[in-house]
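Shown next, in structure tokens, is the structure this report addresses.
Number of protein chains: 2
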Amino acid sequence: MAKKTTTIPTILVTNDDGITAPGIKALIEVAQQFGKVIVVAPDSPQSGMGHAITIGKPLRLHEVHIYPGVEAYQCSGTPVDCVKLATDILFKGGHPTLCISGINHGSNASINVIYSGTMSAAMEASIEGIPSIGFSLLNYDFDADFTTAQFVAKQIIEKLLGQKKIPHLLYNVNIPDLPISHLKGIKYCRQAKAKWDENFVVRDDPHNKKYYWLTGEFVNLDKGKDTDIYALENGYASIVPVQYDLTAYKNFDKQKQFWDSKQKSK
Amino acid sequence: MAKKTTTIPTILVTNDDGITAPGIKALIEVAQQFGKVIVVAPDSPQSGMGHAITIGKPLRLHEVHIYPGVEAYQCSGTPVDCVKLATDILFKGGHPTLCISGINHGSNASINVIYSGTMSAAMEASIEGIPSIGFSLLNYDFDADFTTAQFVAKQIIEKLLGQKKIPHLLYNVNIPDLPISHLKGIKYCRQAKAKWDENFVVRDDPHNKKYYWLTGEFVNLDKGKDTDIYALENGYASIVPVQYDLTAYKNFDKQKQFWDSKQKSK
Chain C
14 MAKKTTTIPT
24 ILVTNDDGIT
34 APGIKALIEV
44 AQQFGKVIVV
54 APDSPQSGMG
64 HAITIGKPLR
74 LHEVHIYPGV
84 EAYQCSGTPV
94 DCVKLATDIL
104 FKGGHPTLCI
114 SGINHGSNAS
124 INVIYSGTMS
134 AAMEASIEGI
144 PSIGFSLLNY
154 DFDADFTTAQ
164 FVAKQIIEKL
174 LGQKKIPHLL
184 YNVNIPDLPI
194 SHLKGIKYCR
204 QAKAKWDENF
214 VVRDDPHNKK
224 YYWLTGEFVN
234 LDKGKDTDIY
244 ALENGYASIV
254 PVQYDLTAYK
264 NFDKQKQFWD
274 SKQKSK
Chain P
14 MAKKTTTIPT
24 ILVTNDDGIT
34 APGIKALIEV
44 AQQFGKVIVV
54 APDSPQSGMG
64 HAITIGKPLR
74 LHEVHIYPGV
84 EAYQCSGTPV
94 DCVKLATDIL
104 FKGGHPTLCI
114 SGINHGSNAS
124 INVIYSGTMS
134 AAMEASIEGI
144 PSIGFSLLNY
154 DFDADFTTAQ
164 FVAKQIIEKL
174 LGQKKIPHLL
184 YNVNIPDLPI
194 SHLKGIKYCR
204 QAKAKWDENF
214 VVRDDPHNKK
224 YYWLTGEFVN
234 LDKGKDTDIY
244 ALENGYASIV
254 PVQYDLTAYK
264 NFDKQKQFWD
274 SKQKSK
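Residue numbers (our numbering), protein chains in the order written: chain C, 14 to 279; chain P, 14 to 279.
Shown next, in the form of structure tokens:
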């Protein structure tokens, strides 16, 4: 885990909505209150990219001067590519103190975490050993009000940077779309069990060929009051500790017996 | 969990290397021994796509006749898109008995699980409640020998379909690149802790502009003998039960105290 240093923190900021999105601007403003900010973000929107990486083609990385006083780069790849390029090329293996991703335009609570470029960027940084947080606001609008999200992000970053050792490497933070006066606090939660019910729109294109466009409805399958969805529905911001060991440890030993039992060959 | 039925199983086959890859052909051959096979796979290679989905543009889905006697569709989207289209459009909410993904040309053991389109397709099916397995062979060559991988896949599918209730919804299976005579068996494992050390190749393009191309080295950080990497290095195929609840439950309660302690506002 990263040790607290007395030197000024270096904060890597990224996102999946692209470097010009209002959400990343809001997050940069928060980050600037805590240390030196370096931005590496996609040059175009990359929502829903999950943990995609670019293998089969080269990437571009260009310095841009769009945020006064902030070193910023746009990258032609995915959010995870941005973090990989930042750590290998810009930090050359030396790590930033913290990586923050977002503020995403829309929820990354519950099952959204696995589709989310915002969270995958944060996860990639955590794999590198960099403490990381993804922030998402429950409002998909381009011109959403990020004031409450900034308020929450500031509290969480302050709390983490105030520790001698940051207690965990990766967090998923979601913020309800409420004014600060209506926010009840920040709740530590587990990921709610949920899924998307797909409902593709099927239409004919101008050349009479069929196309399919993804739409769907979020279905919460979890009645727990300790979940991120419950917290968000009840006026709290949610913070979920996230891991990238995907092993299903529940019933692991029982299943081991099943798999270790005599294997037939045919 | 899916109940065993006396009717013939329906098996959805997908992958991330594309519908024409030898690996999916090998898996289709195995699947045909167990039931009715429906293939929905990307129309082009999609390695490293992770859990990416296509939101901002429409998808195409075309029936193709490349595998004699097999209903097969190529899709313009990601591996996860293929599964979403299959469940919503082709199965119309009715589920296949099993979804199998692969056989991937290359390892998806350890941390590779989060970058893998093969495993993300299987995970998406499991979110839908469909028992799913991703298969990967530790050989990246186009013309790799899939005989041992087919042998392992057959054993595992047979064992699962032989149960009254399939005991878990999602497995990551990796097969060492060995002849059957050298394979020691199938080991039930946990995901090894590992990472990729990035090393981007940086070059100038023909127009004197810099480009960056991802390369890297796999670094196993885990000395455990109960991991997938250990099993594979010692001549076993590995099977890891996988989950998509990414909550880090280790030290959850201790961390809860930390986060529930008085939150300062500024």
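C-beta atoms are modelled at their ideal positions from N, C-alpha and C, and glycine is treated no differently.
Within a 10 Å sphere around the beta-carbon of D30 of chain C sit 16 or more other beta-carbons, which makes this residue buried.
In this structure Y201 of chain C is buried. Its beta-carbon is surrounded by 16 or more other beta-carbon atoms within 10 angstroms. DSSP places I188 of chain C inside the beta strand (DSSP E), whose first and last residues are 183-188.
Listed along the chain, the chain P residues whose CB falls inside 8 Å of the CB of N212 of chain C are D101. When the Cα atoms are used, L25 of chain C and T110 of chain C turn out to be separated by approximately 8 Å.
Y225 of chain C carries a strand assignment under DSSP once its states are collapsed to helix, strand and coil.
Listed along chain C are E211, L227, each with a C-beta nearer than 7 Å to that of K97 of chain P.
One alpha carbon belongs to T20 of chain C, the other to W209 of chain P, and they sit about 28 Å apart.
Nearest in C-alpha terms to N187 of chain C, of all of C:H195, C:H118, C:I51, C:W226, is C:H118. Of the candidates P:I193, P:E246, P:D258, the residue whose Cα lies closest to the Cα of K238 of chain P is P:E246.
Legend: CB atoms of the stretch 189-201 of chain P lying less than 7 Å from CB atoms of chain C belong to residues G198, I199, Y201. Spatial neighbours of T160 of chain P in its own chain (CB-CB distance under 7 Å, excluding positions within 5 residues in sequence) are listed in chain order as I193.
At least one C-beta of chain P is nearer than 7 Å to the C-beta of K269 of chain C.
Counting the other CB atoms within 10 Å of its CB gives D217 of chain C a total below 16, which places it among the exposed residues. Cβ atoms of P71 of chain C and Y243 of chain P stay farther apart than 8 Å, at about 35 Å. Between G198 of chain C and the set P:S274, P:K267, P:Q45, the nearest pair of CA atoms involves P:S274.
The C-beta of H64 of chain C has 16 or more other C-beta atoms within 10 Å across all chains shown, which makes the residue buried. Excluding residues up to 5 positions away in sequence, E84, A85, Y86 lie with their Cβ nearer than 8 Å to the Cβ of E76 of chain C in the same chain.
For the options P:S139, P:H220, P:I37, the alpha carbon positioned closest to that of P180 of chain P is the one of P:S139.
Secondary structure remark: continuous beta strand (DSSP E) runs of at least 3 residues inside the stretch 107-137 of chain P, in chain order: 111-118. Separation of N185 of chain P and P81 of chain P (C-alpha to C-alpha, rounded to the nearest whole angstrom) is 28 Å. Closer than 7 Å to the CB of I140 of chain C there is at least one CB belonging to chain P. Residues of chain P whose Cβ lies closer than 7 Å to the Cβ of Q204 of chain C are, in chain order, D258, L259, T260. Taking a C-beta distance under 7 Å as the contact criterion, Q59 of chain C and T33 of chain C do not qualify as a contact pair. Judged by DSSP in its simplified three-state form, I66 of chain C adopts coil rather than helix or strand. For Q168 of chain C, the secondary structure class from DSSP, reduced to helix, strand or coil, is helix. Inter-segment contact for the stretch 167-174 of chain C and the stretch 122-139 of chain C is absent: fewer than three beta-carbon pairs are separated by less than 8 Å.
If you ignore the 5 residues before and after A157 of chain P, its C-beta comes within less than 8 Å of the C-beta of P35, G36, H118, L150, D190, all in its own chain and listed in chain order.
H78 of chain P and P55 of chain P have their C-alpha atoms some 15 Å from each other. Listed along chain P, no residue sits closer than 9 Å to G48 of chain C by beta-carbon distance, the nearest being about 16 Å off.
P92 of chain C carries a helical assignment under DSSP once its states are collapsed to helix, strand and coil. In the three-state reduction of the DSSP assignment, L245 of chain C falls in the helix class, which pools H, G and I. Annotation: the continuous beta strand (DSSP E) that includes L150 of chain C extends over 145-150.
As computed with DSSP, S251 of chain C is found in a beta bridge with C:N187, C:K200.
Rounded to whole angstroms, the separation of the alpha carbons of H220 of chain C and I124 of chain P is 43 Å. Counting every other CB atom within 10 Å of its CB across the protein chains shown gives Q204 of chain P a total of 16 or more, marking it as buried.
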